[in-house]
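*Asks:* Encoded as structure tokens, here's the structure I'll be asking about.
Residue numbers (the working numbering): 944 to 1338.
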């Protein structure tokens, strides 16, 4: 991975390959290996593909459900667990595959217009699955981008990821600094990729240069609001910046939120070190000077559920894929409490619950640890009228 630090942004790319990518599982039958006839070979090539892409690979499972029914339950569960354990690979499924999902160590995202119910809903509330709202035909992959609409998902790629704090938007509105850094990085990646292709060291998946895009991700939503920023103005600047970058670079731009706390910490240290104007919104020492990931409260802090899940208004008309809301809770939430929460956060973000029997996702920062699960607020159950206290169970 290569990194370029500019004034108010951080660019990440790969030296000789795309930064990240995605594809539908039906393309595995054509380009990688037959999932049905040779699952071990398909798994090995998926691991090789995920290894080539520092930003990860999104596998959209668009196989027909009949393929699942033909496998014994043990083989089916082993296949899902093996796929979801590949480092850097994220599995995305539709609602038609939900009845065939096993429990246990399986992890992934289910894309559906409504929140999962039944067996899939149990997996979701237990933290096995995440839920991504999917109102239209295209797949919106958190952390990557938006796929082309259609029954099959063709391979898509990203040259890199550019992350910036929301407070730095006015300074980057001209786009000149971003265009220069992105153009230089893209040229280096293309030259390295040409050598990789010539040496036969690339996977057998279609690669169309014109379809490769960039991802523009955001951090520091809490600090932006603390400094008196307004979301309508910020989203207007984002749409203008996206149009400018698409015109200058001639590539698609995918707008999203960055949920990596390490990037927020790097950009916070840069703002403090260089005395940039947006440093004033950062917390004062001895608190670590880091921007919070995404647009809402830090998921590591025991803030109310609404503060960690309710996204700014009009985000769905600006961002190309939903932000991720990680909701740690002291116990598996009841179905009624989840439905009551969803009624307050329309349109919902991509939601994943983290009950106490599941470890929170890394990386783990010694300066900003995850709070214990017992101190996180519990979703209220409107049927019983019971709300767990914030410090309930403490001596």
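Built from N, CA and C at the ideal position, the CB exists for glycine as well. No experiment lies behind these values; they were computed from the predicted model shown.
Report yes if the CB atom of residue 1268 is closer than 8 Å to the CB atom of residue 1252, and no otherwise.
*Replies:* A contact, by the Cβ cut-off of 8 Å.
*Asks:* My understanding is that residue 1172 touches residue 1109, with C-beta atoms under 8 Å, so please give their C-beta distance in whole angstroms.
*Replies:* At roughly 7 Å, the Cβ-Cβ gap stays under 8 Å, so residue 1172 and residue 1109 are in contact.
*Asks:* For residue 1021, I'd like the list of residues in its chain whose CB is within less than 8 Å of its CB, leaving aside the five on either flank, ordered along the chain.
*Replies:* Hits under 8 Å: none found.
*Asks:* Per the contact definition of three or more C-beta pairs closer than 8 Å, is the region 1295 to 1314 in contact with the region 1203 to 1213?
*Replies:* At 8 Å Cβ cutoff, the stretches touch.
*Asks:* Can you list, in chain order, the residues of its chain with a C-beta nearer than 6 Å to that of residue 975? Leave out the 5 residues immediately preceding and following it.
*Replies:* Its pLDDT being 49, under 50, residue 975 is placed unreliably in this model, and the value from its coordinates should be taken loosely. 985 and 988.
*Asks:* To the nearest angstrom, how far is the alpha carbon of residue 1165 from that of residue 1272?
*Replies:* Taking the straight line joining both Cα atoms gives about 21 Å.
*Asks:* Alpha carbon to alpha carbon, how far is residue 1250 from residue 1256? Give it in angstroms, no decimals.
*Replies:* Whole-angstrom Cα-Cα distance: 13 Å.
*Asks:* Answer yes or no: do residue 1086 and residue 1211 have a C-beta to C-beta separation smaller than 8 Å?
*Replies:* No. Outside cutoff.
*Asks:* Between which residues of its own chain and residue 912 is the CB-CB distance below 8 Å, once the five residues before and five after are set aside?
*Replies:* Nothing about residue 912 can be reported from this structure: the residues present for the chain run from 944 to 1338 only.
*Asks:* Count the C-beta pairs between the region 1051 to 1064 and the region 1230 to 1244 that are closer than 8 Å, then say yes if the count reaches three, no if not.
*Replies:* No, they do not touch.
*Asks:* Alpha carbon to alpha carbon, how far is residue 1077 from residue 1295? Give it in angstroms, no decimals.
*Replies:* Answer to the nearest angstrom: the Cα atoms are 15 Å apart.
*Asks:* Once DSSP output is grouped into helix, strand and coil, what is the label at residue 1145?
*Replies:* Here residue 1145 sits in coil by DSSP.
*Asks:* Given this structure, state the Cα-to-Cα distance separating residue 1194 from residue 1147, to the nearest angstrom.
*Replies:* Cα-Cα distance, rounded: 23 Å.
*Asks:* Taking the runs of the beta strand (DSSP E) that are 3 residues or longer, which of them lie wholly in the region 1171 to 1230?
*Replies:* You should have 1196 to 1200.
*Asks:* Considering only C-alpha positions, which residue in the set 1027, 1151 and 1135 is nearest to residue 1001?
*Replies:* It is 1027 whose Cα lies nearest to the Cα of residue 1001.
*Asks:* May I ask which residues mark the beginning and end of the beta strand (DSSP E) holding residue 1236?
*Replies:* Looking at the DSSP string, residue 1236 is not in any beta strand (DSSP E), and its letter there is neither H nor E.
*Asks:* Do residue 1055 and residue 1038 have their C-beta atoms within less than 8 Å of each other?
*Replies:* Yes, these two residues count as a Cβ contact at 8 Å.
*Asks:* Less than 8 Å separating the beta-carbons of residue 1105 and residue 954?
*Replies:* Contact: yes.
*Asks:* Could you tell me the alpha carbon to alpha carbon distance between residue 956 and residue 1279, rounded to whole angstroms?
*Replies:* Each residue's alpha carbon lies about 43 Å from the other.
*Asks:* To which residues does DSSP link residue 1054 through a beta bridge?
*Replies:* Answer is 1075.
*Asks:* If we ignore side chains and look at the alpha-carbon of each, how far apart do residue 1124 and residue 1218 end up?
*Replies:* Rounded to the nearest angstrom, the two C-alpha atoms are 21 Å apart.
*Asks:* Which word fits residue 1227, buried or exposed, when buried means at least 16 other C-beta atoms lie within 10 angstroms of its C-beta?
*Replies:* Residue 1227 is exposed by the Cβ-count criterion.
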